[in-house]
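Engineer: The structure under discussion is supplied below as structure tokens; questions concerning it will follow.
There are 2 protein chains.
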Amino acid sequence: MVIPTDDITGTDLLQTLTALAHPQRLRIVAALAEGRNYVSQLARDMRMSRPLLHMHLARLEAAGLVRSEMEVSDDGKAMRYVELAPFSVHVTPEVIAGAVAQGLDSTQAEE
Amino acid sequence: MVIPTDDITGTDLLQTLTALAHPQRLRIVAALAEGRNYVSQLARDMRMSRPLLHMHLARLEAAGLVRSEMEVSDDGKAMRYVELAPFSVHVTPEVIAGAVAQGLDSTQAEE
DNA sequence: GATACCTGTCAGTATCTTCTGACACATGGT
DNA sequence: ACCATGTGTCAGAAGATACTGACAGGTATC
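For the record, the sequence lines run as chains A and B.
For what it's worth, this note's numbering labels the leading residue of the first sequence as -11, then goes sequentially.
For what it's worth, this note's numbering labels the leading residue of the second sequence as -11, then goes sequentially.
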């Protein structure tokens, strides 16, 4: 799924940007670029606590940058496999101006 | 100045993303897309305190998304005019993987 | 000299995000 | 039954960021 940066709302653009704007999450995306993986293994690979990884993945998935699905392994364990959504985010001043015009709900309201 | 997203370091990519990943700063960029402005006027336009705007602008400028210069008006006042740097940031999984490989100094060190 | 603009910075507070550790549940093998 | 593996969630500590208000300095006009 490709994220269209044209005709995007400010809120969505912001969600995409905040999802990416964190060192751990960049590392996660880089790790997933090598292929899909399940959560516990990924947590071990990156030396990150599982609850923390869970939170970061939730953030990435909410932004549509990552996809996941439950699978049952041969030995019966339920495992969540995570993979990248092949996104493409193109940001320019014009894109931002358009997005903000489409609406940006921060806690700050304009008059 | 266009920010090349290819062959960028993880640290630089992160700085660019964190600079953009904030509602106020998106609004600032959108406002500056209409043309350059000086700080106090811009603060009034966006109903934002001047120290706060100052901080956001510093962040945007450090990331190379905005440029500024001091000018002296006809009536002798020193004014800082701010304008957009026409950036273009293209983010894909490949770009992120490459950037992280180029180095990402978070507070987290890998073994 | 007081006022009205402009500039910048600082300390302290408030708020949000990140992170840890503990808990609960499920399955299969020893 | 117990241990090892997987899943998820929660409360609270820790840390980073955003934000406010007050201060300092500058020049020109009344």
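All C-beta atoms, glycine included, are put in the ideal place defined by N, C-alpha and C.
Excluding the 5 residues preceding and the 5 following A/A66 in the sequence, name in chain order all residues of the same chain whose CB lies nearer than 7 Å to its CB.
Structural biologist: Residue numbering aside, residue 66 of chain A sits at position 78 when the first sequence is read from its first letter. Listed in chain order, the non-local C-beta contacts of A/A66 below 7 Å within the same chain comprise M58 and V60, local neighbours out to five positions each way being set aside.
Engineer: Residues of the segment 15 to 41 of chain A in Cβ contact with chain B at a cutoff of 9 Å, in chain order, please.
Structural biologist: R15, V17, A18, A19, L20, A21, E22, M34, R35 and M36
Engineer: Compare the Cα-Cα distances from B/Q3 to each of B/E71, B/V77 and B/D62 and report the closest residue.
Structural biologist: Counted from its first residue, the second sequence places residue 3 of chain B at position 15. Considering only alpha carbons, the answer is B/V77.
Engineer: For B/H44, which of helix, strand or coil comes out of DSSP?
Structural biologist: For the purposes of this step, residue 44 of chain B is identified with residue 56 of the second sequence, where counting begins at 1. Correct three-state label for B/H44: helix.
Engineer: Is there a Cβ from chain B that is less than 8 Å from the Cβ of A/Q96?
Structural biologist: By 1-based counting over the first sequence, the position of residue 96 of chain A is 108. With a pLDDT of 40 at A/Q96, under the threshold of 50, the modelled position of that residue is not reliable, and no figure is offered here.
Engineer: Buried or exposed: where does B/R13 fall if 16 or more other Cβ atoms within 10 Å of its Cβ makes it buried?
Structural biologist: Looking up residue 13 of chain B in the second sequence gives position 25. The residue is buried, with at least 16 neighbouring Cβ atoms inside 10 Å.
Engineer: Quick check on the DSSP output: the alpha helix (DSSP H) that includes B/L5 runs from which residue to which?
Structural biologist: In the second sequence, counting from the first residue as 1, residue 5 of chain B sits at position 17. Counting along the chain, the alpha helix (DSSP H) containing B/L5 begins and ends at G(-2) to L8.
Engineer: Are at least three pairs of beta-carbons, each pair with one atom in the segment 81 to 94 of chain B and one in the segment 14 to 21 of chain A, less than 8 Å apart?
Structural biologist: yes
Engineer: Taking the Cβ atom as the reference point for each residue, do A/A7 and A/A51 lie within a distance shorter than 8 Å?
Structural biologist: Stepping through the first sequence from its first residue, residue 7 of chain A is reached at position 19. Stepping through the first sequence from its first residue, residue 51 of chain A is reached at position 63. A contact, by the Cβ cut-off of 8 Å.
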